[in-house]
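Please read the structure below before turning to the comments.
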Amino acid sequence: MCPPGANTTNVRCHARVAVNEKGKPTITSSPAAYGPAQFHGAYNLPVNAISGNPTIALVLAYDNPNALADLNFYSQSFGIPTLADCSTGAVPCFRKVNQYGGTTYPVVNAGWALESSLDVQVAHAICQNCNILLFEANSNSYSDLMTAVDRARMMGATVISNSYGSGEFNGETVFDSHFNYPGVAFTFSAGDSGYGTSYPAASRFVTSVGGTTLKLGANNTYGSESVWKGTGSGCSAYESKPAWQHDTGCPRRTLNDVSAVADPNTGAAIYDSTPYNGQTGWFRVGGTSLSAPLIAGVYALSGNTSGLANSIPYFSSGLRDVTVGNNGRCKRFSSYLCTAISGYDAPTGLGTPNGIGAF
Numbered sequence: 103m104c105p106p107g108a109n110t111t112n113v114r115c116h117a118r119v120a121v122n123e124k125g126k127p128t129i130t131s132s133p134a135a136y137g138p139a140q141f142h143g144a145y146n147l148p149v150n151a152i153s154g155n156p157t158i159a160l161v162l163a164y165d166n167p168n169a170l171a172d173l174n175f176y177s178q179s180f181g182i183p184t185l186a187d188c189s190t191g192a193v194p195c196f197r198k199v200n201q202y203g204g205t206t207y208p209v210v211n212a213g214w215a216l217e218s219s220l221d222v223q224v225a226h227a228i229c230q231n232c233n234i235l236l237f238e239a240n241s242n243s244y245s246d247l248m249t250a251v252d253r254a255r256m257m258g259a260t261v262i263s264n265s266y267g268s269g270e271f272n273g274e275t276v277f278d279s280h281f282n283y284p285g286v287a288f289t290f291s292a293g294d295s296g297y298g299t300s301y302p303a304a305s306r307f308v309t310s311v312g313g314t315t316l317k318l319g320a321n322n323t324y325g326s327e328s329v330w331k332g333t334g335s336g337c338s339a340y341e342s343k344p345a346w347q348h349d350t351g352c353p354r355r356t357l358n359d360v361s362a363v364a365d366p367n368t369g370a371a372i373y374d375s376t377p378y379n380g381q382t383g384w385f386r387v388g389g390t391s392l393s394a395p396l397i398a399g400v401y402a403l404s405g406n407t408s409g410l411a412n413s414i415p416y417f418s419s420g421l422r423d424v425t426v427g428n429n430g431r432c433k434r435f436s437s438y439l440c441t442a443i444s445g446y447d448a449p450t451g452l453g454t455p456n457g458i459g460a461f
């Protein structure tokens, strides 16, 4: 949807758009995929943060010129609160800035604009009294995106969601310093190409978010979940193992920590008025670009980002164990790196939210 540059200094987003039999995006005139009621019902979530109005930052590349208008059309369509621009003094509110915190925006990119709409709308759907702060980096380079990440933290975001990455590369750990800030939760999408690792999700200072296929029960209740075949997972080639990970089949950092719905076949209903492949309207979008802002919203609901936020689920209850499915083939003696099992496994981590207690 938003391809990378020619090398590992650039990233791509991790969204997947549902397409029809001709390979064109599936567009509808009204929502035809999961929305706020489904997310909250399935994952047993409150609609508002338990304390105050936390700020969720969404870091992306390029400009989405209609981000706020599309967010409010989404909100009105689903009957949830709209957000005013922060310049009005309203709380909660929405604010869009460039990578330096200013209002001179980068060029528009249709693929990244749809990614942006996904992230903003899902984050607001999950935490409806949170402030939403959209950062638009000048490009999809690591340099520009890390500048935006740093600025998001300096501007007070306690949760920073990121739905992009590249393959792992020698020297990636130099970027880890951007995430080593206890008290701030960084969520990163694990990838959408099946078994295999990506960076920055591999960093031991972030919450690596995998993806599932979610089936609902009656009245938007939880039905079942399995591994979404597209989710990334695996054993990092370069990142050391955090003290709270105890799996034995990977001597280094294992991806993932937690997971949530990502399958574009169910997906999220996302409204985007910036033409993507010449089309506007309601898209059905998935990928771990859906699960990362969803988990960011859950962190914001809980308000518990003290310490190293990515370690919190390892010492908590309140997650549903996903025990079915795989995202590829891996070694027999470390099959949990690509196959769901009882307890911890790499594709779905410790599981999916069942309330906010694990965060």
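Remember, this note's numbering sits 102 above the position in the sequence shown when you count from 1.
Ideal Cβ placement from N, Cα and C applies to all residues, glycine included.
Report, in whole angstroms, the separation of the C-beta atoms of residue i and residue j, which I expect to be a contact under 8 Å.
| i | j | result |
| --- | --- | --- |
| Gly89 | Ile158 | With the chain represented from 103 up to 461, any question about residue 89 goes unanswered, as that position is not in the structure. |
| Gly351 | Ser444 | About 15 Å separates the two Cβ atoms, so there is no contact after all. |
| Cys115 | Tyr266 | 5 Å |
| Asp88 | Leu160 | Missing from the structure shown is residue 88; the chain here goes from 103 to 461 and no further. |
| Glu217 | Cys104 | 6 Å |
| Cys337 | Thr299 | 7 Å |
| Leu236 | Pro455 | The pair is not a contact, with the Cβ atoms about 23 Å apart (cut-off 8 Å). |
| Tyr297 | Cys440 | 4 Å |
| Gln201 | Thr275 | 22 Å between Cβ atoms; not a contact. |
Does DSSP classify residue i as helix, strand or coil?
| i | result |
| --- | --- |
| Thr275 | helix |
| Ala215 | helix |
| Gly312 | strand |
| Asp172 | helix |
| Asp221 | helix |
| Cys229 | coil |
| Cys104 | coil |
| Asn112 | strand |
| Ala320 | helix |
Give the single residue among the options whose Cα lies nearest to the Cα of residue i.
| i | options | result |
| --- | --- | --- |
| Trp346 | Ala448, Ser413, Leu170, Cys229 | Ser413 |
| Tyr301 | Trp214, Lys317, Thr111, Asn122 | Thr111 |
| Ala225 | Arg422, Ala442, Ser393, Gly420 | Ser393 |
| Ser179 | Val329, Ser131, Arg306 | Ser131 |
| Gln381 | Ala442, Phe307, Thr128, Pro105 | Thr128 |
| Gly427 | Lys343, Ser335, Gly369 | Ser335 |
| Arg354 | Cys440, Ala339, Asn429 | Ala339 |
| Val210 | Ala163, Lys198, Gly154 | Ala163 |
| Asn231 | Trp384, Ala362, Glu270, Asn150 | Asn150 |
Between which residues of its own chain and residue i is the CB-CB distance below 7 Å, once the five residues before and five after are set aside?
| i | result |
| --- | --- |
| Thr407 | Thr260, Val261, Gly285, Val286, Ala287, Tyr401 |
| Gly97 | Given a span of 103 to 461 for the chain in the structure shown, any question on residue 97 remains unanswerable. |
| Cys432 | Tyr297, Leu439, Cys440 |
Output needed for residue i: all residues of its chain with C-beta closer than 6 Å, excluding positions within five of it in sequence on either side, in chain order.
| i | result |
| --- | --- |
| Thr289 | Ser263, Thr309, Val311, Ala394, Ile397, Ala398 |
| Ala215 | Asn166, Thr376 |
| Val387 | Ala117, Val119, Leu220, Gly369, Ala370, Ile372 |
| Ala192 | Ala186 |
| Pro138 | Phe180, Ile182, Ala227 |
| Asn233 | Asn155, Thr157, Pro194, Cys195 |
| Met306 | The residue you asked about is not Met; residue 306 is Arg in the sequence shown. Within the same chain, Arg306 has close Cβ partners Glu341, Pro344, Arg355. |
Among the residues of its own chain, which have a CB less than 8 Å from the CB of residue i, if the five just before and after it don't count?
| i | result |
| --- | --- |
| Tyr438 | Asp349, Gly351, Tyr446, Asp447, Ala448 |
| Asn321 | Gly143 |
| Gly325 | Ala144, Leu316, Lys317, Leu318, Gly319 |
Practice task
List in chain order: all unbroken beta strand (DSSP E) runs of 3+ residues lying wholly within the stretch 372 to 445.
Solution key: 381 to 388
Problem - alpha helix (DSSP H) runs contained entirely in the stretch 231 to 307, provided each spans 4 or more residues - result: 244 to 256
Exercise for the section: Can you check the stretch 118 to 169 for any alpha helix (DSSP H) of at least 4 residues that lies completely inside it and give the ranges in chain order? Expected result: 138 to 145
Problem - Completely contained beta strand (DSSP E) runs for the stretch 329 to 357, where each covers 3 or more residues - result: 336 to 342, 354 to 357
Exercise for the section: Write down every uninterrupted run of the beta strand (DSSP E) in the stretch 190 to 215 whose length is 3 residues or greater and which is fully enclosed by it, in chain order. Expected result: Look at the stretch 190 to 215 and you find these whole runs of beta strand (DSSP E), each 3 residues long or longer: 195 to 200.
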